[in-house]
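Residue numbers (the numbering used here): 1 to 327. Let me begin by presenting the structure, written as structure tokens, before commenting on it.
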Amino acid sequence: MGSRPLGVMLKSLDALDSHCVQLLACSSFAVLGYVDVDGLARMTAAGGPLGFARVVDATHLELRLPEPIALNPTVGCGLLFFIPGLGETLRVNGHATLDGHTLRVTVEEAFVHCAKAIIRSGLWKPPVASASAEAGAWSGDAEVQRWLSRTPFVVVASWDSQGNADVSPKGDPGGFLRLAGTRVAVPDRPGNRRTDTFHNVLEQPRVALLGLIPGEVGLVEVSGVGSLSTEGALLESMAVEGKVPKMALLLESHAARLQSGQAIVDAGLWEASRHVPASQLPKMADVFIDHVRRSPQKGVAVATLRALASKRMMSWALEHDYKKNLY
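See the structure below:
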């Protein structure tokens with residue numbers, strides 16, 4: 001896999017800037033990856049009206065969970081914030097504590113994730129999810145298999161050897177996961193190119209995923225251990241538009257369960273009338289360029305990239321990338 005590209009890592013901040021605050025004010029739903037007191041990788045969701053996550057200051061935010069969780073505060077957690085109708089998402093990593101239903105997060109990293117996973121999945125479009133004939137067989141609960149074989153969008157949580165968390169969105173047409181016994185395979189597609197999940201799995205295998213189906217109230221959670229695969233037959237079965245993924249994440253399930261969709265209800269997630277108008281959102285090219293300029297990274301190469309970056313070029317690059325490089 002090699003090292004992470006410098007240009008990609010320049011989009012990462014160590015605190016919430018004005019763009020992050022504006023995106024959080026337009027967010028009504030988030031997915032949380034955390035480790036519980038038993039050391040298991042877990043995931044859940046939270047939702048509410050726009051701005052449900054309250055920004056305390058540049059490195060702290062608070063949000064209310066539908067129900068308390070058995071959070072281990074000594075291990076990092078990751079959040080993925082959704083803005084209804086927008087393809088890009090906001091990833092926030094750090095540590096958290098819990099006071100009843102209130103999650104208090106200390107922000108250690110924040111950056112905007114590209115729109116490709118949401119575009120591929122059609123997350124904000126009218127529901128069309130259907131089971132894939134190639135999804136395979138699940139040896140566990142039949143209702144869990146029904147969800148896994150139909151979901152077009154999952155969020156994967158992973159941790160590095162130091163306990164730092166990351167959550168990453170994965171999306172494709174409905175039925176893109178491959179099931180075999182208690183194993184779930186997730187194809188790797190073009191995205192931010194940070195490869196956080198893969199680097200983390202190589203350091204330690206604790207992984208969880210949370211799946212959504214547009215239009216449906218509910219969530220499916222799978223937690224266990226992850227590994228990476230380049231098995232030809234598996235990857236060929238995941239081809240879309242003739243494009244075969246180069247790698248897949250394998251998640252061997254230790255626990256799989258359906259969760260209440262209260263967070264989806266609280267957010268009104270699937271109601272098109274709640275999509276945030278573009279006029280209320282920052283221009284994403286501006287966000288990416290400003291984040292490159294505000295990144296705490298230093299060095300000659302960093303200075304060169306900053307000098308070359310422009311909002312006009314970024315706007316063209318995003319439009320081209322989203323049209324030509326989804327697979």
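Backbone N, C-alpha and C fix where the C-beta goes; we use that ideal spot for every residue, glycine too. Computed from a prediction, not measured in an experiment: that's the story for all the values here.
Continuous beta strand (DSSP E) stretch holding residue i: start and end
i	result
Tyr-34	29–35
Trp-316	Here Trp-316 belongs to no beta strand (DSSP E); instead the alpha helix (DSSP H) covers 311–324.
Trp-124	That residue, Trp-124, is in no beta strand (DSSP E); it is neither H nor E in DSSP.
Ser-227	219–229
Ala-45	41–47
Ala-142	Not the beta strand (DSSP E): Ala-142 falls in the alpha helix (DSSP H), residues 142–148.
Residue i versus residue j: straight-line alpha-carbon distance, rounded
i	j	result
Gly-176	Ala-185	Position check: residue 176 holds Phe in this sequence, whereas Gly was assumed. Going by the C-alpha atoms only, they are around 9 angstroms apart.
Glu-241	Thr-230	19 angstroms
Leu-50	Ala-233	44 angstroms
Pro-66	Arg-293	37 angstroms
Asp-38	Ala-256	16 angstroms
Leu-219	Leu-212	6 angstroms
Glu-145	Thr-97	Residue 145 is actually Gln in this sequence, not Glu. Going from the Cα of Gln-145 to the Cα of Thr-97 covers about 33 angstroms.
Val-31	Leu-251	18 angstroms
Glu-311	Ile-289	It should be pointed out that residue 311 corresponds to Lys in this sequence rather than to Glu. Whole-angstrom Cα-Cα distance: 6 angstroms.
Residue closest to residue i, alpha-carbon to alpha-carbon, out of the options
i	options	result
Asp-196	Val-56, Asp-38, Val-220, Leu-249	Leu-249
Val-225	Glu-216, Pro-205, Leu-209, Ile-213	Pro-205
Arg-274	Asp-141, Phe-82, His-113	Phe-82
Ala-110	Thr-59, Thr-97, Gly-100	Thr-59
Trp-159	Ala-41, Thr-151, Asp-17	Ala-41
Ala-208	Val-167, Val-244, Leu-202, Pro-282	Val-167
Ala-15	Gly-47, Leu-281, Arg-91, Ser-27	Arg-91
Ala-137	Gly-181, Leu-98, Glu-319, Gly-94	Gly-181
Gly-174	Gln-162, Ala-165, Ser-139, Pro-127	Pro-127
Pro-190	Leu-179, Asp-172, Asn-200, Arg-178	Asp-172
Asn-93	Asp-99, His-101, Val-75, Gly-87	Val-75
Cβ-based burial, residue i [other Cβ within 10 Å; buried from 16]
i	result
Val-300	Only weak support exists for where Val-300 lies, its pLDDT of 49 falling under 50; the value from the coordinates is given anyway. The residue in question, Val-300, is exposed, as its Cβ has fewer than 16 Cβ neighbours within 10 Å.
Gly-78	buried
Met-313	exposed
Lys-11	buried
Glu-221	buried
Ser-253	buried
Val-154	buried
Thr-151	buried
Extent of the continuous alpha helix (DSSP H) run through residue i
i	result
Thr-197	196–203
Asp-290	284–294
Gly-232	232–237
Asp-266	262–267
Ala-328	Because the chain here runs from 1 to 327, residue 328 falls outside it and cannot be looked at.
Rounded Cβ spacing between residue i and residue j (contact assumed at less than 8 angstroms)
i	j	result
Leu-326	Arg-120	6 angstroms
Glu-134	Ser-237	5 angstroms
Ala-53	Ser-18	With a Cβ gap of about 16 angstroms, Ala-53 and Ser-18 do not count as contacting.
Phe-29	Leu-269	5 angstroms
Asp-266	Gly-47	4 angstroms
Val-112	Leu-61	Actually they do not touch by this definition, with Cβ atoms about 16 angstroms apart.
Residue i beta carbon near the ligand ATP (any heavy atom closer than 7 angstroms)
i	result
Pro-68	As far as ligands go, the structure on display features none, and thus does not contain the ligand ATP.
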